[in-house]
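**Student:** Below you'll find the structure I mean.
Residue numbers (our numbering): 1 to 309.
So this is what it looks like as structure tokens:
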């Protein structure tokens, strides 16, 4: 089983260095894998640094203009040499047994099922500890019920090709991986959880200056959610993208109809940050962030209906 670890990246050089170093320290056979990095038009010196580096013998670098992660992952799969693809993000730092754990779980699943109609989904632990990301413990907020998410997943290449790879219509933030997951589920693939394949997803500590970008992402996620629903008009997808009256009532009520927002809550959020509780501040900020997401969903849906009429 030859592995191709496909990593799209965009302006993440500092954490990408840690990501790639962790992949060079694997216990899996050194000649049994490659790391396919697709740079999505970075402007932070990522390309020049990787082209000059001799530190990463497993890395093969490919370049594209800034077109988003769906296009980048498809490009990576097309260039990959492996029969098995492992997707991770460029801000993920993995343990030494990461690749070995995925392969062990894949083989065990194939033996148990009698076929390879499956994929493995590793554990992702969120951390803002840049210096020592792998010391972060697993938390309740790290739990994910997603069926297929590209933060940490391994799958036979031919199933990706049969499903049609990622839909490149998803050019804004969100849903391109879960939409592919719907198509993989329709092909009958079984999810095998692999908690031994741990990846530590780094993000900077929450600060107020991040809020405009977070709001923009939520609005984009709402818009892409409507595209997701247009392709798969099911109740399950409506729940995922928060396009229900329940979500509208929940986040509308919790945010007091939008009165609790980035401006009115700024003093409380800053106080929590000053108290050394940035993660708690972020969780509270999700009240208005989710309200922006729901608004984005319904705005995009209204535009879609108007375009049809």
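C-beta atoms are modelled at their ideal positions from N, C-alpha and C, and glycine is treated no differently.
1) Take the Cβ of residue 76 as the centre, count every other Cβ of all protein chains shown within 10 Å, and call the residue buried at 16 or more, exposed below.
2) Looking only at C-alpha atoms, which of 12, 264, 78, 68 sits nearest to residue 169?
3) Out of 23, 39, 41, 222, which one is the CA nearest neighbour of residue 55?
4) Return the first residue and the last residue of the alpha helix (DSSP H) that residue 251 is part of.
5) Are residue 2 and residue 82 closer than 7 Å when you measure CB to CB?
6) Is residue 167 helix, strand or coil by DSSP?
7) Can you tell me the Cα-Cα spacing of residue 47 and residue 128, whole angstroms?
8) Evaluate contact between the region 27-41 and the region 1-19, counting only Cβ atoms and requiring at least three cross-stretch pairs below 8 Å.
9) So is residue 234 buried or exposed if we call it buried at 16+ other beta carbons inside 10 Å?
10) Count the other CB atoms within 10 Å of the CB of residue 263; is the residue buried (16 or more) or exposed (fewer)?
11) Below 7 Å between beta carbons: does that hold for residue 66 and residue 45?
12) Compare the Cα-Cα distances from residue 117 to each of 58, 60, 191 and report the closest residue.
13) Just checking, does the region 8-19 make contact with the region 80-96 on the three C-beta pairs under 8 Å criterion?
14) In the region 148-224, which residue ranges form an unbroken alpha helix (DSSP H) of at least 4 residues, counting only runs that do not cross its ends?
15) Could you tell me the distance, in whole angstroms, from the CA atom of residue 296 to the CA atom of residue 29?
**Tutor:** So, to answer that:
1) buried
2) Checked all of 12, 264, 78, 68; the closest Cα to residue 169 is 68.
3) Restricting attention to 23, 39, 41, 222, the CA atom closest to the CA of residue 55 is found in 23.
4) 245-254
5) Yes, the Cβ-Cβ distance between residue 2 and residue 82 is below 7 Å.
6) In the structure shown, the three-state DSSP call for residue 167 is coil.
7) Cα to Cα, the separation comes out at about 25 Å.
8) yes
9) Residue environment analysis places residue 234 among the exposed positions, since fewer than 16 neighbouring C-beta atoms fall within 10 angstroms of its C-beta.
10) exposed
11) no
12) 191
13) The region 8-19, when compared against the region 80-96, does touch it at the 8 Å Cβ threshold.
14) 157-163, 176-186
15) Approximately 46 Å between the Cα atoms of the pair.
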